[in-house]
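Under the numbering used here, the first residue of the sequence shown is numbered 76, with each subsequent residue one higher.
Virtual Cβ for every residue (Gly too), placed ideally from N, Cα, C.
So the structure is just underneath, and the comments pick up after that.
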Amino acid sequence: MMSERFESQTGLVWNAQRENIRFGRGRTEKLTCVRIRKLPENGCFADEIHRVHPDTGLIDFVLDEQNNAEPIVDLTGISHFHNLKVINIDAKNQVLREELGHAATPSLVRVITKYVEGVTECLVQSPELRSLELEGAPIDILGVAPGALSTVTLGKLTQTKTRSAWENLPTIDEFSVERSGTVCVSPPSVQWPELVSFVSVSLLKGIVKSSQCIPFKFLYLEGVRLFDPGASFWDLAAERVTVAYATKPPKWLVDAWPTRPADWADWLVVPYHPSLPGSEHVVHEEYVPVEGQR
Numbered sequence: 076m077m078s079e080r081f082e083s084q085t086g087l088v089w090n091a092q093r094e095n096i097r098f099g100r101g102r103t104e105k106l107t108c109v110r111i112r113k114l115p116e117n118g119c120f121a122d123e124i125h126r127v128h129p130d131t132g133l134i135d136f137v138l139d140e141q142n143n144a145e146p147i148v149d150l151t152g153i154s155h156f157h158n159l160k161v162i163n164i165d166a167k168n169q170v171l172r173e174e175l176g177h178a179a180t181p182s183l184v185r186v187i188t189k190y191v192e193g194v195t196e197c198l199v200q201s202p203e204l205r206s207l208e209l210e211g212a213p214i215d216i217l218g219v220a221p222g223a224l225s226t227v228t229l230g231k232l233t234q235t236k237t238r239s240a241w242e243n244l245p246t247i248d249e250f251s252v253e254r255s256g257t258v259c260v261s262p263p264s265v266q267w268p269e270l271v272s273f274v275s276v277s278l279l280k281g282i283v284k285s286s287q288c289i290p291f292k293f294l295y296l297e298g299v300r301l302f303d304p305g306a307s308f309w310d311l312a313a314e315r316v317t318v319a320y321a322t323k324p325p326k327w328l329v330d331a332w333p334t335r336p337a338d339w340a341d342w343l344v345v346p347y348h349p350s351l352p353g354s355e356h357v358v359h360e361e362y363v364p365v366e367g368q369r
């Protein structure tokens, strides 16, 4: 089906078409996908789109640039989309004019959005939610999400509100923190997710001590500028650690390399570089993501 363009008298502009959407674990669904190009000044869209596409399964905000003003996205009425599985909101000004306790939660499977307190909490309460990608959220948001959640990516992580926030990780398969400043790591209550990643993080603190409380399974580090000041990288407890880089290894790894233990190659995966003598002889199997295993 070709994409069809719609324009309403209110100024709402969108495209719609049927597409096959992959959800992982071999699951694919054909959904009515709505991509919103322009919103009315009040940001409302749900009622109009529901009248035309009551079976909408994916809503993506691909807003055309009109001016420098940040658009308002009014999610009021989104609960009417009973078939809604995926929503992607790249906008900071979000409102939901329904009481949180009375708003019926859509059966969302995947949520990608910038965090807005009071709005995002409503979106992530879907019991069907499997994949969550947020920007600007505290890790505390995981305390609201359902236990079925499988993969979580938190970009531009904000300050944790409670010390127990990391305890909500054990039920997740893959957890990633990306594009963040200082990240203070605490151990989970039972175990780490199968794969934990820290990508483009300025400062990683507390990770060594946390790993000694509960060892990591697979830990992936890339673009970590400062690694746990005051702690030794070689004291990190994990089944497998990968330190990736684009052109050269991080300075903290180069500085620590002369004191590496004899068994370092049993658990550390690092691309070869002349500043890491011995790394040219190490070969490891690649980690297979959870979705690829099932």
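Residue interval of the alpha helix (DSSP H) (run including residue i)
i    : result
R126 : 121 to 127
A212 : First-last for A212: undefined, no H or E at that position.
D330 : 326 to 331
I282 : 282 to 288
Exposed unless 16 or more other CB atoms sit within 10 angstroms - verdict on residue i
i    : result
P202 : exposed
P333 : exposed
S350 : exposed
E192 : exposed
T131 : buried
G367 : For G367, the predicted model reports a pLDDT of 47, less than 50, meaning its position is unreliable and no value from the coordinates is stated.
S286 : buried
E249 : buried
K105 : exposed
P352 : exposed
Y295 : buried
P336 : exposed
P304 : exposed
P181 : buried
A212 : buried
P146 : buried
V137 : exposed
H177 : Bear in mind that the predicted position of H177 carries a pLDDT of just 45, short of 50, making it unreliable; the figure below should be weighed with that in mind. Exposed: under 16 other Cβ atoms inside 10 Å.
8 angstroms contact criterion, which residue i and residue j should meet: CB distance rounded
i    : j    : result
L133 : V161 : 4 angstroms
V227 : I247 : 5 angstroms
D215 : K236 : 5 angstroms
V344 : V316 : 7 angstroms
P263 : E297 : That belief does not hold up - the Cβ atoms of P263 and E297 are roughly 22 angstroms apart, past 8 angstroms.
R110 : D149 : Contact flag wrong, Cβ pair sits at about 17 angstroms.
S255 : V276 : 5 angstroms
Residue closest to residue i, alpha-carbon to alpha-carbon, out of the options
i    : options                : result
V186 : S206, E104, Y295       : S206
L171 : A331, A121, V137       : A121
A375 : W309, Y320, P325       : Residue 375 lies beyond the stretch modelled for the chain, which goes from 76 to 369, so this question has no answer here.
T151 : S264, V137, E123, A212 : E123
K231 : V329, H125, L209       : L209
G86  : V274, T257, F156, N117 : N117
H125 : T103, S154, A144       : S154
Range covered by the beta strand (DSSP E) that runs through residue i
i    : result
L150 : First-last for L150: undefined, no H or E at that position.
E196 : Careful: E196 lies outside any beta strand (DSSP E), inside the alpha helix (DSSP H) at 195 to 198.
A223 : A223 -> no beta strand (DSSP E), and no H or E assigned at all.
A91  : 88 to 99
G132 : 131 to 136
E314 : 313 to 319
G353 : That residue, G353, is in no beta strand (DSSP E); it is neither H nor E in DSSP.
N168 : 168 to 170
T188 : 185 to 189
Contact test: residue i Cβ vs the ligand NAP heavy atom, cutoff 7 angstroms
i    : result
T334 : The ligand NAP is not part of this structure, which contains no ligands at all.
Practice task
Evaluate contact between the segment 214 to 223 and the segment 91 to 105, counting only Cβ atoms and requiring at least three cross-stretch pairs below 8 angstroms.
Solution key: no
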